[in-house]
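**Student:** The following block contains the structure, expressed as structure tokens.
Protein chains in written order, with UniProt numbering: chain E, 1 to 442; chain H, 1 to 442.
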């Protein structure tokens, strides 16, 4: 009989706050996303709480927003993930370190080498979040006039994955003999030259670094599109993001895991961790009040810009202090419009309140006491909507301290989360096997 | 009256030993170049000795050697410099951190962002060693069939430098106001969009990170060719390498510094630090014996391969235990051949001894007591052959400990080297000004 399933917890740390107003919350650190001392302390607190991983999203450009919204965003200055994570590796010992790297605007030799280096420096704690780049403005920083098409991006991503993993397997695990007497540093029979020439990429190899401690760093993905689900089923070991409703998450979970056997994979070898925005209080009212206080800090112009996108209708002329007017038909997402209209009719919320609500954060949100949030997490886990969560903190340090000091102990009391790390690598934490070397089978 | 000139000292740490046999030296750490705990300890020792910088060369491929030599080389597995240096930044406080990054096989947006991130994480200690890639095999790892021509590489490097420094200047130093009350994170008037479109590169900008602590990380270069000297005079703040003979180094020093006024620069704003391979002993005989012991560990096949390259003649058929035979004319470097032939005739060295000598390390070498090596360093400094040295350790840890424990105190006793850091940034250590922002002049 196997152990009952437990939650895996990642911490979503770039942007350090997904909510537009995180940096304005009273008592917070407005520069937290760009302060190494703060980030070091957060990583060490998360490790003390036994989190699986510290997770960094990324963009290779400032966000593609109008200046009225951009000037309010802390994301315009933050660290390159693959520069920050090695620094955090040196001041932590167990927590996993996952960085996003685009397959569209990178070279596979660099990506393979940097993640292998991080995996060695951290003793096996690296993860690679493979993205094809969502922000079209990235193209303009890399010599292109326009973003690559979605289909081309995914075809390139698949080939890129094969090249990176092929480079990681350049050396057998026991290639480096360092025979001081004979003066032989490695066994030439344990070196594989990849010599890849495909549709998008041409890379000779070998990689100039030993095979990673974990064999391969953990492969993470976020895409929820049809192409994203398929590449996840074929290659991902952790998936981030799965929609904000329980039923949709269950559908996603069953769909992606259901595709895995056809790809020759065990569904247990992929962990699905949707993002969860968590606001805690000693009472439900206190938690709701914190959330309301945060939402009230969303500037109206940011909120109206977001609301217009979600409604598919320009909301900038609406009366801010009146209820939502009747809306024309939209060619944008009808479900997004219907969701907001339904909420507006039910609550009678003003346009200003709606703008603040969608201007903050619109995904899966859990607000309540530690017991209430633990109940919700447990429901998601046992109904197979997820294997855990990537926790998004509403503000720092208080929102992070609340999770570490009140929610994690509640989850541990219920046996839903570890009280000690059982292993040393990110694969150990996630219960993932170490991949065999494709060129040097055991 | 200004302070008398003092030496600047860098530590050449990738490869951790430039000598082929460093990893075989008795009592050494054969895996030192690939062990984070060892490298961390070395960085902390060098910082305690007040070194200016920890310097990492780099190659984006395994070395282009025949397998008989390659299998003896520790460089085949080592860390990506821009992954190792952030980790070292987290466990040191003052020492500068210089990494090599190629302008031929990188994108300027990545380079600008990573060095800016390192500069912020380290509080102003980053340096960028700009190279155009010397190892032709790198091309094969980046989608090309052959290395770019020397002239094209240098033209691209010059444009690449303009783009990187332009991206570093994307934000005025005081752009990030973080006005919590108003909800404004930055002042839009203090953002510059580069919008570069040149012969080789097209990059819109802005960079998604604040201007570096140092304005720009310190610009380092190594090239000694005509094109390399000119780009150094125009852009470099530290130059590594200048030939192994005093007269040649003086010529290089005078030539490069002499070109600077025409480029509108103060010659004091460039520091020239040739590499110096240093072997110390309590007596000269002891130092010579260490060097001989190390050279004796160079495998004959590595040495013969190197000797053949230097002579421009296949030496593999020569009698190893006989003196060097008469040689045919060569189309390779006549000066390299003449130098070795002269040494062979003067000393009567056997082919085996010559192979060991050139197979180890052939550049500027200082062997002796701390006082003797300090004498030589002082002569180079006062006769304006250099502003200091990038120290190459013959083996580790002993060779590094010898420098830290015996040579540095001797230099400090003579007033030739600092006893405390006077500032916090690499620019402070080197006596370099902080560049003004080209788009937001003070």
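No residue lacks a Cβ here, since even glycine has one placed at the ideal position from N, Cα and C.
Determine whether the Cβ of residue 74(H) lies closer than 9 Å to any Cβ atom of chain E.
**Tutor:** Closer than 9 Å to some Cβ of chain E, the Cβ of residue 74(H) qualifies, so yes.
**Student:** Would you be able to state if there are at least three C-beta pairs under 8 Å between the segment 77-92 of chain E and the segment 111-123 of chain H?
**Tutor:** Touching, per the Cβ criterion.
**Student:** So, residue 418(E) versus residue 124(E), is the Cβ gap smaller than 9 Å?
**Tutor:** No, the Cβ-Cβ distance between residue 418(E) and residue 124(E) is not below 9 Å.
**Student:** So, is the C-beta of residue 240(H) closer than 9 Å to a C-beta in chain E?
**Tutor:** So, not an interface residue.
**Student:** Where does residue 279(H) fall in DSSP's three states?
**Tutor:** Of the three classes helix, strand and coil, the one that applies to residue 279(H) here is strand, per DSSP.
**Student:** Reducing DSSP to helix, strand and coil, say where residue 316(E) ends up.
**Tutor:** Three-state DSSP puts residue 316(E) in coil, outside helix and strand.
**Student:** Anything in the segment 8-26 of chain H with a Cβ closer than 8 Å to a Cβ of chain E? List those residues in chain order, please.
**Tutor:** Correct list: 21, 23, 24.
**Student:** Looking at the C-beta of residue 185(H), does it have a partner C-beta in chain E at a distance below 9 Å?
**Tutor:** It does; some Cβ of chain E falls within 9 Å.
**Student:** If the cut is a Cβ gap below 7 Å, which residues of chain H does residue 188(E) touch?
**Tutor:** The answer, in chain order, is 67, 71.
**Student:** Taking residue 89(H) as the query, report the chain E residues whose CB atoms sit under 7 Å from its CB, ordered along the chain.
**Tutor:** Chain E residues near residue 89(H): 87.
**Student:** Please specify which runs of the alpha helix (DSSP H), each continuous and at least 4 residues long, are wholly inside the segment 21-75 of chain H, giving them in chain order.
**Tutor:** Segments of the alpha helix (DSSP H) lying fully in the segment 21-75 of chain H: 36-48, 67-70.
**Student:** Starting from the N-terminal side, write out each stretch of the alpha helix (DSSP H) that is 4 residues or longer and does not extend beyond the segment 167-250 of chain E.
**Tutor:** For the segment 167-250 of chain E, whole alpha helix (DSSP H) runs of length 4 or above, ordered along the chain, are 226-235.
**Student:** Where does residue 420(E) land, buried or exposed, given buried means 16+ other C-beta within 10 angstroms?
**Tutor:** Residue 420(E) is exposed by the Cβ-count criterion.
**Student:** Could you round the C-beta distance between residue 103(E) and residue 160(E) to whole angstroms and report it? I think they count as a contact, below 8 Å.
**Tutor:** Residue 103(E) to residue 160(E), Cβ: 4 Å. Contact.
**Student:** Checking 9 Å against the spacing of the C-beta atoms, do residue 183(E) and residue 315(H) come in under that value?
**Tutor:** No, the Cβ-Cβ distance between residue 183(E) and residue 315(H) is not below 9 Å.
**Student:** In the DSSP assignment, the beta strand (DSSP E) including residue 8(E) goes from what residue to what residue?
**Tutor:** Unbroken beta strand (DSSP E) run through residue 8(E): 8-14.
**Student:** Of all the CB atoms in chain H, is at least one closer than 9 Å to the CB of residue 105(E)?
**Tutor:** At least one chain H Cβ lies under 9 Å of residue 105(E).
**Student:** Using the C-alpha atoms, what's the distance from residue 54(E) back to residue 371(E)?
**Tutor:** Approximately 24 Å between the Cα atoms of the pair.
**Student:** For a quick check, are the C-beta atoms of residue 167(E) and residue 131(E) less than 9 Å apart?
**Tutor:** No, the Cβ-Cβ distance between residue 167(E) and residue 131(E) is not below 9 Å.
**Student:** Using the rule of at least 16 other Cβ atoms within 10 Å of the residue's Cβ for burial, across every protein chain shown, is residue 342(E) buried or exposed?
**Tutor:** The residue in question, residue 342(E), is exposed, as its Cβ has fewer than 16 Cβ neighbours within 10 Å.
**Student:** Within a Cβ cutoff of 8 Å, which residues of the same chain sit near residue 383(H), ignoring the five residues on either side of it in sequence?
**Tutor:** 246, 250, listed in sequence order.
**Student:** Would residue 135(E) and residue 74(E) be called neighbours here (beta carbons separated by less than 9 Å)?
**Tutor:** Not in contact: residue 135(E) and residue 74(E) (Cβ atoms no closer than 9 Å).
**Student:** Quick check on residue 100(E): buried or exposed, where buried means 16 or more other Cβ atoms within 10 Å of its Cβ?
**Tutor:** Label assigned to residue 100(E): buried.
**Student:** According to DSSP, simplified to helix, strand and coil, what is residue 272(E)?
**Tutor:** Note: residue 272(E) maps to strand in three-state DSSP.
**Student:** Starting from residue 367(H), trace the beta strand (DSSP E) in both directions and tell me its first and last residue.
**Tutor:** Taken as a continuous stretch (DSSP letters only), the beta strand (DSSP E) holding residue 367(H) covers 365-368.
**Student:** So, does the CB of residue 34(E) fall closer than 9 Å to a CB anywhere in chain H?
**Tutor:** Yes, its Cβ sits closer than 9 Å to a Cβ of chain H.
**Student:** What in chain H is Cβ-close to residue 148(E), meaning under 9 Å?
**Tutor:** Within chain H, no residue comes near residue 148(E); the closest Cβ sits about 15 Å away, beyond 9 Å.
**Student:** Mind pulling the alpha helix (DSSP H) runs of 4 or more residues that sit fully within the segment 78-152 of chain H?
**Tutor:** 81-89, 108-121, all fully within the segment 78-152 of chain H.
**Student:** For residue 443(E), which residues in the same chain have their Cβ closer than 7 Å to its Cβ, ignoring the five residues on either side in sequence?
**Tutor:** What is shown of chain E runs 1 to 442, which leaves residue 443(E) out entirely.
**Student:** Hey, could you find the ends of the alpha helix (DSSP H) residue 309(E) is sitting in?
**Tutor:** Unbroken alpha helix (DSSP H) run through residue 309(E): 300-311.
**Student:** Note down the Cα distance separating residue 399(E) from residue 85(E), rounded to an integer number of angstroms.
**Tutor:** Between residue 399(E) and residue 85(E), the C-alpha separation is close to 22 Å.
**Student:** What does residue 377(H) pair with, by DSSP beta-bridge criteria?
**Tutor:** Per DSSP, none; premise fails for residue 377(H).
**Student:** For residue 323(H), name the three-state secondary structure that DSSP assigns.
**Tutor:** Residue 323(H) falls in the strand class under three-state DSSP.
**Student:** Residue 58(E) to residue 126(E), Cα distance in whole Å?
**Tutor:** Spanning the two alpha carbons is a distance of roughly 16 Å.
**Student:** Check each residue of the segment 119-136 of chain H: if its Cβ is closer than 9 Å to any Cβ of chain E, include it; give the result in chain order.
**Tutor:** Residues passing the 9 Å Cβ filter: 120, 121, 122, 123.
**Student:** If I'm right that residue 404(H) touches residue 45(H) with Cβ under 8 Å, what's the distance once you round it to whole angstroms?
**Tutor:** Indeed, because the Cβ distance is near 5 Å, the residues count as touching under 8 Å.
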